[in-house]
Amino acid sequence: MGLRRLKWHRKCNSVIVKQLISTYTITLVHSFTVSAILSTMHSIPRVLAILTILLAPAFASAAEQTVWDFKNEQVPGDWTVTKLSATPTPQGLAISATERGKMNRENTWHNSIQMVEVTYMSVSQVQSWFMFQLADKKDLFGVPMVFNQSDTQQKILIPASTFKQWNPRPNQIGFAFDPGAQVLIQEIKLIHLTPFERLAESWKTFWTLDDFSGHSVNFVWAPLITDTPAGREHMHANSELMPQAESSNKYFYILLLASAIILFILAIIKKITRRHAVLIFSVIFAVCWLFYDIRMGSEFINYLANDYETYWSKPVNERIFRERTKFNAFASVAAPYLEEQEEYVFIPDQKEFVNFMRYITYPAIPINQIDEEKIPKYWAFYGRPDIEITGRGSGQLIMDNQVITPPGKIVEQFYDGIFLFEVSQ
Numbered sequence: 276m277g278l279r280r281l282k283w284h285r286k287c288n289s290v291i292v293k294q295l296i297s298t299y300t301i302t303l304v305h306s307f308t309v310s311a312i313l314s315t316m317h318s319i320p321r322v323l324a325i326l327t328i329l330l331a332p333a334f335a336s337a338a339e340q341t342v343w344d345f346k347n348e349q350v351p352g353d354w355t356v357t358k359l360s361a362t363p364t365p366q367g368l369a370i371s372a373t374e375r376g377k378m379n380r381e382n383t384w385h386n387s388i389q390m391v392e393v394t395y396m397s398v399s400q401v402q403s404w405f406m407f408q409l410a411d412k413k414d415l416f417g418v419p420m421v422f423n424q425s426d427t428q429q430k431i432l433i434p435a436s437t438f439k440q441w442n443p444r445p446n447q448i449g450f451a452f453d454p455g456a457q458v459l460i461q462e463i464k465l466i467h468l469t470p471f472e473r474l475a476e477s478w479k480t481f482w483t484l485d486d487f488s489g490h491s492v493n494f495v496w497a498p499l500i501t502d503t504p505a506g507r508e509h510m511h512a513n514s515e516l517m518p519q520a521e522s523s524n525k526y527f528y529i530l531l532l533a534s535a536i537i538l539f540i541l542a543i544i545k546k547i548t549r550r551h552a553v554l555i556f557s558v559i560f561a562v563c564w565l566f567y568d569i570r571m572g573s574e575f576i577n578y579l580a581n582d583y584e585t586y587w588s589k590p591v592n593e594r595i596f597r598e599r600t601k602f603n604a605f606a607s608v609a610a611p612y613l614e615e616q617e618e619y620v621f622i623p624d625q626k627e628f629v630n631f632m633r634y635i636t637y638p639a640i641p642i643n644q645i646d647e648e649k650i651p652k653y654w655a656f657y658g659r660p661d662i663e664i665t666g667r668g669s670g671q672l673i674m675d676n677q678v679i680t681p682p683g684k685i686v687e688q689f690y691d692g693i694f695l696f697e698v699s700q
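Each residue of the sequence shown is one higher than the last, beginning at 276 in our numbering.
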């Protein structure tokens with residue numbers, strides 16, 4: 276009995292010792308991990324201070340620009356003019372073209388260029404190209420642009436840094452013009468932005484929301500990023516073209532991939548457990564998901580806010596609905612007149628409105644071919660300022676100098692070219 280009791284005591288002591296060793300080891304590991312985290316936290320201000328000192332010069336400086344002023348008969352630099360007439364005047368450089376031509380000069384500015392601003396006036400809308408020299412080629416590369424008709428001074432911002440082929444320090448810069456161009460160039464600015472300004476602009480463009488358009492029914496663009504005010508201005512300017520900006524999705528992917536790699540390495544070298552690594556990565560992923568969801572949800576909230584501001588909160592004759600402008604408001608007023616009819620005449624400026632009107636006024640049918648034996652009572656016109664009436668509010672309608680209706684009166688007048696006409700019985 277004594278021998279058995281002794282063995283039992285030794286076994287218990289062995290178990291206790293193992294538990295103590297295990298507990299002590301776990302305590303050491305946890306204390307090491309906690310101390311490492313605390314040490315890291317204590318070192319964060321030091322790291323931030325060092326980064327601030329290193330990056331302060333880059334972020335403290337303001338945007339720089341160089342100005343080529345053409346007013347007062349000045350011609351800054353040595354310009355090469357090909358197949359154009361370029362005449363210095365007190366108001367600026369007068370450009371005229373009877374055939375496609377170009378003008379370019381050497382860029383002697385030492386800074387990289389993110390934007391170009393042109394101050395001009397133009398007799399008519401002109402197709403033109405912003406020209407620059409690629410880093411590895413001798414020829415000039417052209418990006419399409421338009422000088423709009425204007426009798427007063429206008430400015431156009433060229434988002435140079437968004438062009439895939441852009442060379443931030445081009446050897447040559449210039450413009451090309453189509454035949455018929457009559458443009459007065461007053462000033463050209465080459466603009467360099469600081470890293471801080473570009474970062475701030477990237478943040479602004481991330482939160483720049485698109486307006487509702489035809490493609491919004493099927494998809495919306497991912498949050499886009501561009502680093503200049505010119506890029507943000509042009510980003511959603513044309514809903515039919517792909518925005519000239521890069522997707523922010525890649526930055527989310529980079530963050531998640533970098534987090535996964537760092538956590539994997541920490542788990543391998545036993546700084547954290549695998550369970551903690553998975554938990555931390557899940558939290559990072561959830562935060563990114565929530566942040567992204569807030570941004571994309573803002574698109575739909577923006578649609579709703581715009582609809583309320585431009586449509587629901589306005590009087591009927593002032594309502595504008597998305598890309599259809601005043602059509603929906605006009606259709607809602609005209610529908611009570613038209614729904615009870617078998618058919619009515621509808622002449623819009625765009626054919627797509629015919630199907631919309633057919634849906635809104637069902638079962639009445641919109642037509643544009645008139646049977647002289649059976650003339651419809653109502654005639655609806657949308658976007659047709661060319662339609663005139665012989666009297667003030669009553670008379671006959673005239674199109675292309677020909678009378679197209681019997682006598683009648685306008686029963687609903689929205690704007691010039693948008694009205695509902697009732698034929699007198």
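Think of the CB as a built atom: it goes at the ideal place given N, C-alpha and C, for glycine as much as any other residue.
Computed from a predicted structure; not experimentally measured.
Check                                                                                                                        : Outcome
Inter-stretch contact at 8 Å, needing at least 3 Cβ pairs: the stretch 487 to 496 / the stretch 411 to 429                   : no
Reference SER397, options PRO590, PRO638, GLN424, GLU472, closest by Cα                                                      : GLN424
Of the residues ASN493, ARG597, MET571, the one placed nearest ASN581, counting alpha carbons only                           : ARG597
Check whether TYR395 and GLN429 have beta carbons under 7 Å apart                                                            : yes
VAL553, buried or exposed, once every other Cβ within 10 Å from all chains shown has been counted against 16                 : exposed
Contact check, PHE405 vs ILE433, beta carbons under 7 Å                                                                      : yes
Closest by C-alpha distance to SER699, when choosing among PHE689, ILE693, ILE685                                            : ILE685
Test item: CB-CB of PRO498 and MET510 under 7 Å                                                                              : no
Buried versus exposed, by CB contacts within 10 Å (16 or more), LEU465                                                       : buried
Cβ-based burial, THR480 [other Cβ within 10 Å; buried from 16]                                                               : buried
Residue-level contact to chain D via CB, ILE431, 7 Å cutoff                                                                  : In summary, chain D is missing from the structure at hand, where a single protein chain is found.
Status (buried if at least 16 other CB within 10 Å, exposed otherwise) for PRO748                                            : The requested residue 748 does not occur in the structure, where the chain is confined to residues 276 to 700.
Terminal residues of the alpha helix (DSSP H) in which GLY506 lies                                                           : 504 to 510
According to DSSP, residues forming a beta bridge with PHE575                                                                : None; PHE575 has no bridge partner.
Proximity below 7 Å, CB of PRO611 to CB of TYR657                                                                            : no
Same chain only: Cβ atoms within 6 Å of HIS340, ignoring 5 sequence neighbours per side                                      : The sequence given here places Gln at residue 340; His does not occur at that position. Around GLN340: LYS464, ILE466.
Between the CA atoms of GLU627 and GLU687 - distance to the nearest angstrom                                                 : 22 Å
Of the residues GLN461, THR362, GLU574, TRP384, the one placed nearest LYS346, counting alpha carbons only                   : GLN461
Nearest to PHE438 (by Cα), restricted to the options GLN616, ILE431, THR501, ASP426                                          : THR501
DSSP three-state assignment for LYS652, whether helix, strand or coil                                                        : coil
Nearest-angstrom Cα separation, counted from LEU531 out to PRO477                                                            : Per the sequence shown, residue 477 should be read as Ser rather than Pro. Going from the Cα of SER477 to the Cα of LEU531 covers about 20 Å.
Cβ-based neighbour list, ILE559, same chain, cut-off 8 Å, excluding 5 preceding and 5 following                              : LEU530, LEU531, SER534
Chain-order list of residues whose beta-carbon lies under 7 Å from that of LEU541 (same chain, five-residue window excluded) : ILE547, ALA552
Reduced DSSP secondary structure (H/G/I, E/B, other) of HIS467                                                               : strand
Candidates ARG473, ILE370, GLN408, of which the one nearest GLN389 by Cα                                                     : ARG473
Beta-carbon proximity list for TRP343, same chain, < 6 Å, skipping 5 on both sides                                           : PRO351, ILE463
Residue from SER573, THR680, ILE662, PRO363 whose Cα sits closest to the Cα of GLU496                                        : According to the sequence displayed, residue 496 carries Trp and not Glu. If we check each option's Cα against that of TRP496, SER573 comes out closest.
Three-state class that DSSP yields for SER477 in the structure shown                                                         : helix
In chain order, each alpha helix (DSSP H) run of at least 4 residues that lies wholly inside the stretch 525 to 601          : 549 to 582
Under 7 Å between C-beta atoms of LEU695 and ALA609                                                                          : yes
Supposed contact pair MET674 and ASP661 - C-beta distance, whole angstroms, cut 8 Å                                          : 7 Å
Local Cβ density within 10 Å of ASN643, reported as buried at 16 or more and exposed below that                              : exposed
Element boundaries [alpha helix (DSSP H), containing PHE628]                                                                 : 627 to 635
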